[in-house]
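S.K.: Protein chains in written order, with the numbering used here: chain A, 1 to 477; chain B, 478 to 690. No residue lacks a Cβ here, since even glycine has one placed at the ideal position from N, Cα and C. Here's a structure for you.
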C-alpha cells in the first residue's frame, strides 16, 4: 500500500491512527522535558549555542579548504575519500567497495545520508545482506519502513508493535516480550553475533574534523563503535557539510548536540575515527573509506538557504513542533521530517509535492527558539513559500483568498470593523462553554480540538484603550 | 592528471569555491589562524574532581576511590558477581590477578578492566585511545571497570586535545554505560555495550602514574 500523495491526506490518516498517537504522546513529553532539564542545569548554554553557531559559519565559509585538508589527512593515514555528486553515485561507490572487499554481510550504524540514499535497498539488490544495529533502525528495517525521526527512527512504534516484529523475525519460541528490557536484551543477543561476523561496517558521521582527517560519531548504544572497529572494512557515508576545522571546534558542537537532542550533557559514546588500524595499535579495520555526498548541497551553499547547512541533526526542532507532534514523521514523506525537513527536503530533492512541506507550519517559532545553532527555520520556510508563489502558481482559490486578505489588510478601518464583528459572533456562540466544538467549513479542524471562544476585545482595541488611559494619566500628573 | 571538471571531486570543490569565494591554493593552517573564535569563553571549572564526580554519577557511572593501584584487585571482587571472566588492559598486567579467571579473548570476557588515558570533568567522561586499549575491550564486555588516575583529569575536552590525545586511529570518549531509548522513549541501560561502568578514581596527583604507551 502506498502512502497518500498529499501532506494533508497523510496528516488526516496520522491523526486517526491511535497507535501512532499513543507513541507520539510518549515522545512529546520525553524529549521536550529532558531537554528543558538539561538546559536549566547549564548556565552557559546560550554561550555554548553562540560558539556552536560560529563554528558552523566558519566551517562553511572555508569549506573547500577544510575538505582538502580532510582528504589529505585521510590519505596520509592510509584511508580514502570518495566524492559522490548524487545518491546514485553514493550507492555505486559503497557497493564497489563492498565488492572489492569480497563482502557478503554488512553491519550498519545509523546514517541519515544512508537513509537519504536508500542504501539498504541498493545493498540488497547487489546481493549483500545489510544488518542495521541501532535498535531504532533495526526495528524499522524489520518493519520495512523509513525512519520517522532523525534521532529516534522508530519513534512511531509502540512496544507492542516492536514485540510483534521481533516474534516474526526471531525464531526464539515462546517468551515474554512485555517489558522494554526484554526487547532490548533480545535485540542485543541477536545483533551481537552480527557484529562479530560482518565483513564490512557502514556508519554515518556526526562531524568530520579537517585538521586530522577524522570522522566523529555520537551514540548511546555503542553500536556505532562495534560497527566501525570490528569488521575489516569501515565505510563512512556522510555529506561534506559535516566538516569542522579542528577538534576544539568539534567539542563546541558536541556541547549543544546531546543537550538539544536527548537532554544529556554528552552521549554515552563519542568516538573519533582517523583511518585504518595503525602500526602498534590494538585493533581496528584494515581499510577505511569516507564517502562525501553532495546531492544539491553545493546549490544550497550558494543560495539564500545556506544556513540550513548549519544543521547538526539534533532533532530539537521536530521535538518541539506542534505539527510534528500531532502528525509524526512519516507524514512529511521524507527521511528528514519536522521543520528542518520542511526546509531541507524541498532543497535536496525538489519533488513537486515538497512545496507543501514549508506550508505545514503555524510559524509559532519554537523550532528557531530551540535550534542549538540558531537556524531561522520559520524565516527559511517563509522564503520557500515565497519561491513557491513565484515558481508554482498556487490553486485559483488560494490565490483569490490571499488577494482578498491582502486587499482587506490594507484597509485598517474595515479590517478592524470586520474582525471585531467576527470576534463578537464567536464570543456569543461559545459563551456557555468558553469554547466552540464545531465550526462551519472547519469540521476537520474541530474534529480533533475545540476553538477557545474569544475573551473580550481584540488586541488592537485593548492596545488603543491602554494608550488612551496612559495618556490620560500623564495628562493628570 | 584529469582536469578539475572531469571528476566528481573537482566539480564539487569547484561549486563550493564558487559559492564561498575561497582561493584555490589556500593553506589550511593559515586560513584557520586568520579567523579565531570571537565568542565568549565558558565559565572556569574550579573543582574538577568534584565536577567529575557529580557528572559521572549523573551519567550512571558507579564511582569508587582507590588509594593505591594494587588495591584494585582486592576491591574488585566485592563489586562484581562471582565466576566472571575477565580481560584486562596490558598496562595493568603487573597487578596480582590470581583471584580471577582471566581471558585474552574480548568476545569471551564478561568484564573488562582498563586504564583510562584521560578524564574530562565537565561531563564526567573517560578517554581511551586504541594505542593503549582495544576498542573491542571497551564495547564487548558486560561490565567495564576503568581506573582513572586523577593526574590525567582535565576540566574540558579541549584540554585533552591540546595534550595530544588526537593521534590514534580510534579515540573513544566514554561517559556512561551503554543505553538506548529507542522503544517508547524508555531509557534502558545495556543496549549493545557494557551494562555497568565502574570507575576507580586513583589519586596519583602527588606522584603521577607513568604513562606507559
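1) Flag residue 407(A) as yes if its beta-carbon sits less than 7 Å from any beta-carbon of chain E, otherwise no.
2) Looking at the strands, I want to know which residues DSSP matches up with residue 643(B).
3) Listed from N- to C-terminal order along the chain, which residues in the segment 21-39 of chain A have their beta-carbon within a distance smaller than 8 Å of any beta-carbon of chain B?
4) Determine the contact status of residue 217(A) and residue 242(A), defining contact as a CB-CB distance below 7 Å.
5) At 4 residues or longer, and completely inside the segment 277-345 of chain A: list those alpha helix (DSSP H) runs for me, N to C.
6) If contacts are defined as beta-carbon pairs under 8 Å, then residue 67(A) and residue 650(B) qualify, I think. What distance do you get, rounded to the angstrom?
7) Output the distance between the C-alpha atoms of residue 35(A) and residue 316(A), rounded to the nearest integer angstrom.
8) Whose CA, out of 536(B), 544(B), 523(B) and 535(B), lies closest to the CA of residue 679(B)?
9) Does the beta-carbon distance from residue 32(A) to residue 147(A) come in below 7 Å?
10) Hey, would you say residue 165(A) sits closer than 7 Å to residue 187(A), going by beta carbons?
11) Does DSSP put residue 575(B) in a helix, a strand or coil?
12) So with CB distances below 8 Å, who are the chain B contacts of residue 62(A)?
13) Any idea if residue 605(B) is buried or exposed, counting beta-carbon neighbours within 10 angstroms, 16 or more meaning buried?
14) Indicate the three-state DSSP secondary structure (helix, strand or coil) for residue 445(A) in the structure shown.
15) Cβ closer than 9 Å: which chain A residues qualify as neighbours of residue 643(B)?
16) Would a check of beta-carbon distances place residue 265(A) closer than 7 Å to chain B?
17) Is any beta-carbon of chain A found at less than 7 Å from that of residue 660(B)?
18) Is the Cβ of residue 490(B) closer than 7 Å to any Cβ of chain A?
19) Verify whether the separation of the beta carbon atoms of residue 291(A) and residue 95(A) is less than 7 Å.
20) Quick test of the definition: if touching needs 3 or more C-beta pairs under 8 Å, does the segment 566-573 of chain B touch the segment 631-640 of chain B?
21) When the distance is taken between beta carbons, is residue 295(A) closer than 7 Å to residue 348(A)?
22) Out of 583(B), 667(B) and 538(B), point me to the one whose CA is closest to residue 624(B)'s CA.
23) Under the three-state reduction of DSSP, which class applies to residue 691(B): helix, strand or coil?
24) Is residue 201(A) helix, strand or coil by DSSP?
25) So, at 7 Å on beta carbons, what are the nonlocal neighbours of residue 553(B) in its own chain, with the 5 sequence-adjacent residues on each side left out?
26) Does the contact criterion of 3 or more C-beta pairs under 8 Å hold for the segment 230-244 of chain A versus the segment 194-205 of chain A?
27) What does residue 83(A) touch in chain B if you count any residue whose Cβ is under 9 Å from its own?
28) Quick test of your reading: residue 492(B) and residue 398(A), contact by CB under 8 Å. State the CB separation rounded to the nearest angstrom.
29) How many Å lie between residue 455(A) and residue 419(A) at the Cα?
30) With 16 as the cutoff for other CB atoms within 10 Å, does residue 469(A) come out buried or exposed?
31) Is residue 388(A) closer than 7 Å to residue 354(A) when the C-beta atoms are compared?
32) Cα-Cα, which of 58(A), 265(A) and 149(A) is closest to residue 534(B)?
33) May I have the straight-line CA-CA distance separating residue 255(A) from residue 311(A), to the nearest angstrom?
34) Who are residue 215(A)'s beta bridge partners in DSSP?
M.R.: Short version:
1) The structure shown contains no chain E; its protein chains are A and B.
2) Here residue 643(B) refers to the residue found at position 166 of the second chain. Residue pairing by DSSP leaves residue 643(B) without any beta bridge partner.
3) Here the close residues are 23, 26, 27, 30 and 31.
4) The residue given as residue 217(A) occupies position 217 in the first chain. The residue given as residue 242(A) occupies position 242 in the first chain. Here residue 217(A) is not near residue 242(A), since their CB atoms are 7 Å or more apart.
5) Entirely contained in the segment 277-345 of chain A, the alpha helix (DSSP H) runs reaching 4 residues are, in chain order, 297-301, 316-319 and 322-327.
6) As a working mapping, residue 67(A) is identified with position 67 in the first chain. As a working mapping, residue 650(B) is identified with position 173 in the second chain. Contact between residue 67(A) and residue 650(B) does not hold, since the beta-carbon distance rounds to 25 Å and is not under 8 Å.
7) Here residue 35(A) is taken as the residue at index 35 of the first chain, counted from 1. Here residue 316(A) is taken as the residue at index 316 of the first chain, counted from 1. In this structure, the straight-line span from the alpha carbon of residue 35(A) to that of residue 316(A) is close to 8 Å.
8) On the second chain, position 202 is the one that residue 679(B) refers to. Selected option, being the one with the closest Cα: 544(B).
9) Indexing the first chain from 1 puts residue 32(A) at position 32. Indexing the first chain from 1 puts residue 147(A) at position 147. Cβ atoms of residue 32(A) and residue 147(A): not closer than 7 Å.
10) In the first chain, counting from the first residue as 1, residue 165(A) sits at position 165. In the first chain, counting from the first residue as 1, residue 187(A) sits at position 187. Taking C-beta atoms as the reference points, residue 165(A) and residue 187(A) fail to come closer than 7 Å.
11) Start at 1 with the first residue of the second chain, and residue 575(B) comes out as number 98. If DSSP states are grouped into helix, strand and coil, residue 575(B) belongs with coil.
12) Within the first chain, the letter at position 62 stands for residue 62(A). For residue 62(A), the residues of chain B that pass the 8 Å Cβ criterion are 497, 499, 503, 508, 509 and 512, in the order they occur in the chain.
13) In the second chain, the residue the question calls residue 605(B) occupies position 128. Counting Cβ neighbours within 10 Å, residue 605(B) comes out buried, since at least 16 surround it.
14) The residue given as residue 445(A) occupies position 445 in the first chain. In this structure, residue 445(A) counts as helix in the three-state DSSP scheme.
15) Counting from 1 along the second chain, the entry for residue 643(B) is found at position 166. Within 9 Å of the CB of residue 643(B), the CB atoms of chain A belong to 209, 211, 212, 214, 247, 272 and 274, in sequence order along the chain.
16) One-based indexing of the first chain puts residue 265(A) at position 265. Answer yes: the Cβ-Cβ gap between residue 265(A) and chain B drops below 7 Å somewhere.
17) Counting from 1 along the second chain, the entry for residue 660(B) is found at position 183. So yes, residue 660(B) belongs to the interface.
18) Locating residue 490(B) in the second chain gives position 13, counting from the first residue. Taking a beta-carbon distance threshold of 7 Å, residue 490(B) counts as an interface residue toward chain A.
19) Counted from its first residue, the first chain places residue 291(A) at position 291. Counted from its first residue, the first chain places residue 95(A) at position 95. No, the Cβ-Cβ distance between residue 291(A) and residue 95(A) is not below 7 Å.
20) Taking 8 Å as the limit for Cβ pairs, the verdict is that the segment 631-640 of chain B does not touch the segment 566-573 of chain B.
21) Position 348 of the first chain, counted from the start, is the residue given in the question as residue 348(A). Position 295 of the first chain, counted from the start, is the residue given in the question as residue 295(A). Yes, the pair counts as a contact, with Cβ atoms nearer than the cut-off.
22) For the purposes of this step, residue 624(B) is identified with residue 147 of the second chain, where counting begins at 1. The option with the nearest alpha carbon to residue 624(B) is 538(B).
23) Any answer about residue 691(B) is impossible in this case: the structure gives chain B only from 478 up to 690.
24) Within the first chain, residue 201(A) is the residue found at index 201, counting from 1. The answer is strand: DSSP assigns residue 201(A) an E or B state.
25) The count along the second chain starts at 1 and reaches residue 553(B) at position 76. Once the five neighbours on either side are set aside, the close Cβ partners of residue 553(B) are 622.
26) They touch, by the three-pair rule.
27) Here residue 83(A) refers to the residue found at position 83 when the first chain is read from its first residue. Near residue 83(A) (Cβ distances below 9 Å), the residues of chain B are 484, 485, 486, 487, 488, 489 and 490.
28) The residue given as residue 492(B) occupies position 15 in the second chain. The residue given as residue 398(A) occupies position 398 in the first chain. Contact flag wrong, Cβ pair sits at about 35 Å.
29) Reading the first chain from its first residue, position 455 is the one you call residue 455(A). Reading the first chain from its first residue, position 419 is the one you call residue 419(A). Residue 455(A) and residue 419(A): Cα-Cα distance of roughly 13 Å.
30) The residue labelled residue 469(A) in the question sits at position 469 within the first chain. The residue is exposed, with fewer than 16 neighbouring Cβ atoms inside 10 Å.
31) Position 354 of the first chain, counting from 1, holds the residue named residue 354(A). Position 388 of the first chain, counting from 1, holds the residue named residue 388(A). For residue 354(A) and residue 388(A), no; Cβs fall outside 7 Å.
32) Counting from one through the second chain, the residue named residue 534(B) turns up at place 57. Answer by Cα proximity: 265(A).
33) On the first chain, residue 255(A) is found 255 positions in, with the first residue counted as 1. On the first chain, residue 311(A) is found 311 positions in, with the first residue counted as 1. Cα to Cα, residue 255(A) sits roughly 14 Å from residue 311(A).
34) Within the first chain, numbered from 1, the residue matching residue 215(A) stands at position 215. Looking at the DSSP assignment, residue 215(A) forms a beta bridge with 208(A) and 273(A).
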